[in-house]
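Peer 1: I am attaching a structure below and will ask some questions about it afterwards.
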Amino acid sequence: MADVWVYNGRAYDLSDWISKHPGGAFFIGRTKNRDITAIIAAYRRDPAKIERMLQRYALGRDATPRDIHPKHNAPAFLFKDDFNSWRDTPKYRFDDRNDQMHRVKARLNEPALAARIKRMDRLFNIVVALLAVAYFAVQGLR
C-alpha cells in the first residue's frame, strides 16, 4: 500500500514532510493511509493555510479506496470483520461556516473569551505548581 494521505477527497504523499511536522513524525505517521480532513478541520485554526501547504505534496488525483487502509491501521480486533474504512467511515463537510464547529472556533477567538481562557490557564498553572510543591513537601516529611 502506497504512502497516501487523503484530504477533501484528494490524494497526497506527505512522506517528505513527515520530519518537518511540528507534532513530530509519530503523529503524522499514524495518519498515513487515512482521511485527515476531519483532523485538519477540527484542530487547525486556519485550514486554508494547510491546504496551500498540501498542494506541494499533491499526487494530482482523487483518492481511491486503495489509498485508505481498510482498518485505519488499527488492530483488527477493534472492528467487525466486514468493516471497511472507505465505505463505513462517515464523511463530513467542513465548508459550512454556520456549523457548530465554526461557531465554537469563532467564539474562542473573541477577545473577551480568549482573555478569560488565558486567565484560567494561568490559574491552572498556579494550582498545578502549588500541588507539586505540596506533594514533594509531604514526601519530604515521610
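Residue numbers (our numbering): 2 to 143.
Yeah, the Cβ is synthetic: ideal placement off N, Cα and C, and Gly gets one too.
Remember, it's a predicted structure, so these values are computed and weren't measured experimentally.
Given H73, which residues of its chain have a CB within under 7 Å of its CB, disregarding the five upstream and five downstream residues?
Peer 2: Hits under 7 Å: R35, S86.
Peer 1: For a test of the three-state rule: what should DSSP assign to W87, helix, strand or coil?
Peer 2: Correct three-state label for W87: helix.
Peer 1: Grab the span of the alpha helix (DSSP H) containing H7 for me, first residue to last.
Peer 2: Here residue 7 is Val; the residue named in the question, His, does not match the sequence. V7 -> not in any alpha helix (DSSP H); beta strand (DSSP E) instead, spanning 6-8.
Peer 1: When you compare the region 13-21 with the region 54-61, are there three or more beta-carbon pairs, one atom per stretch, that lie closer than 8 Å?
Peer 2: yes
Peer 1: Compute the beta-carbon to beta-carbon distance between P48 and I37, rounded to the nearest angstrom, for a pair I have assumed lies under 8 Å.
Peer 2: About 11 Å separates the two Cβ atoms, so there is no contact after all.
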